[in-house]
Amino acid sequence: MKTSVAMITYCSEKYGVEFLIKQLDSIKNQTVKPDEVIIADDCSSDNTVEIIKSYISDNKLSGWSVYSNEKNLGFTKNSLGAIMKTSGDVVFLADQDDIWVETKIEEVVKVYKAETDAMVVSTRFKYINQDDEFINDPFGEKDCSKDTGDYDELGIEYFLGTSFIPGCALSVRGSIREVIENIGMIDLNKSLGNDWFLHMCAMCSGKEFRLNRPLLLRRFHTSNLSMQGFRKNKLLKGDKEKRALYLNETIYAHKYFYENEFFRDGASDKKLDLMKKTIELWELRLKLFNTKNPFVIPKLLKYKDCYEMTVVNLDDWKHPFKADIGYTYLSK
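Using my numbering, count along the sequence shown one by one with no gaps and you end on 498.
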């Protein structure tokens with residue numbers, strides 16, 4: 167299998183050049199070398215592109231290239247655009263500041279060979295700080311570093327209303343490029359992100375698996391690209407305008423796929439029914455937020471199963487329900 171890496175960068179001098187170099191080193195030093203590395207820079211105002219070009223030249227890396235977008239696309243479209251420029255049978259996504267375990271490509275490719283209908287394969291991961299020290303999971307996710315060596319199939323219920331597996335932990339089969347082309351790219355920079363988009367692409371074109379091996383060291387610092395989840399949490403805790411933006415964009419994303427002919431042709435009736443219920447719940451959440459009508463609250467409780475899907479990686483469905491109440495009546 168030909169393997170590609172689709173990596174995105176932005177202003178590495180601001181966020182840490184040393185992190186960028188460590189990420190590049192970890193890709194270069196894989197036990198199975200990638201055949202192709204495409205690095206998409208999103209209009210950095212510093213020397214990021216020049217730093218990467220020098221790294222490629224100094225290490226005489228064949229098949230590696232970097233390009234800069236003509237205009238800033240945001241992390242979602244930049245990541246998807248990088249995937250579209252690859253040619254591999256399997257494409258690994260990468261942020262600019264994480265570290266890959268040296269067997270990442272080798273172990274993930276084995277899953278694709280065993281599961282011929284796999285469209286997305288993710289891995290477990292561990293968190294590190296700016297000093298490369300292991301830290302506790304900052305988001306309360308369950309078993310993010312599980313290490314049993316087996317893998318699980320993930321259904322659409324894991325991704326409706328949420329995206330708990332980050333893009334930096336994903337790989338995709340090369341044929342997903344055709345799916346992206348047929349569905350079309352959308353901006354999800356304020357809500358679900360490129361990871362959710364790819365999960366949905368998998369749901370209409372094949373299967374998704376999660377390898378229970380932590381093959382990624384995910385760096386946690388408040389300004390880095392890989393902490394989109396952190397930035398989403400900040401958005402949720404922001405003012406009313408930001409909260410409304412988050413709710414509206416999430417509804418739009420689900421409707422976009424639900425109404426898309428290509429998605430509907432590939433998704434099962436069960437998947438479509440679950441997505442329809444998710445849209446209904448999120449529209450009620452937005453209605454409560456906008457109107458503050460207490461009579462909406464009992465209607466929300468009828469969607470307990472949908473709330474459970476949004477916290478599939480946490481412990482209590484009541485958390486987002488209580489949050490809806492709090493954001494509606496207490497936010498400023």
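No residue lacks a Cβ here, since even glycine has one placed at the ideal position from N, Cα and C.
Remember, predicted model here, so these are calculated numbers, not experimental data.
7 Å Cβ shell around residue i - same chain, five flanking residues per side excluded
i    : result
K219 : V232
K437 : I322, M369
R421 : Checking the sequence shown, residue 421 turns out to be Lys, not Arg. I445, listed in sequence order.
D264 : Q189, C334, L382, L383, R384, R385, S392
H365 : V286, F325, S329, E374
Straight-line Cα distance separating residue j from residue i
i    : j    : result
Y493 : L358 : 19 Å
I193 : S253 : 17 Å
G315 : N378 : 5 Å
D208 : L467 : 42 Å
I174 : S329 : 19 Å
N459 : E216 : 55 Å
S211 : S178 : 10 Å
D490 : L447 : 11 Å
L227 : A419 : 38 Å
G327 : D224 : 44 Å
H434 : M441 : Checking the sequence, you will find Ser at residue 434 rather than His. Computed Cα separation, rounded: 11 Å.
F487 : E268 : 41 Å
A206 : D255 : 19 Å
A260 : E415 : 24 Å
N355 : N235 : 17 Å
Y293 : N348 : 35 Å
M475 : Y469 : 10 Å
E427 : F363 : 16 Å
W266 : K168 : 19 Å
Continuous beta strand (DSSP E) stretch holding residue i: start and end
i    : result
L336 : 336-339
I204 : 202-207
E374 : 373-385
E319 : 317-319
Y458 : The displayed chain sequence assigns Lys, not Tyr, to residue 458. Counting along the chain, K458 falls outside any beta strand (DSSP E), and DSSP gives it neither H nor E.
M285 : 284-294
Local Cβ density within 10 Å of residue i, reported as buried at 16 or more and exposed below that
i    : result
A243 : Note on identity: in this sequence residue 243 is Lys, with Ala being the wrong assignment. By the neighbour-count rule (16 or more Cβ atoms within 10 Å), K243 is buried.
H485 : exposed
E184 : exposed
K270 : buried
N360 : buried
Limits of the unbroken alpha helix (DSSP H) element including residue i
i    : result
I218 : 214-224
S245 : 240-250
V277 : 270-280
Same chain only: Cβ atoms within 8 Å of residue i, ignoring 5 sequence neighbours per side
i    : result
I222 : W230, S231, V232
S497 : D405, K406, R409
N195 : E268
Beta-carbon proximity list for residue i, same chain, < 6 Å, skipping 5 on both sides
i    : result
G432 : C370, S371
K453 : V462
L411 : K356
Can we say the region 293-305 touches the region 337-353, given the rule of at least three CB pairs closer than 8 Å? These segments do not touch.
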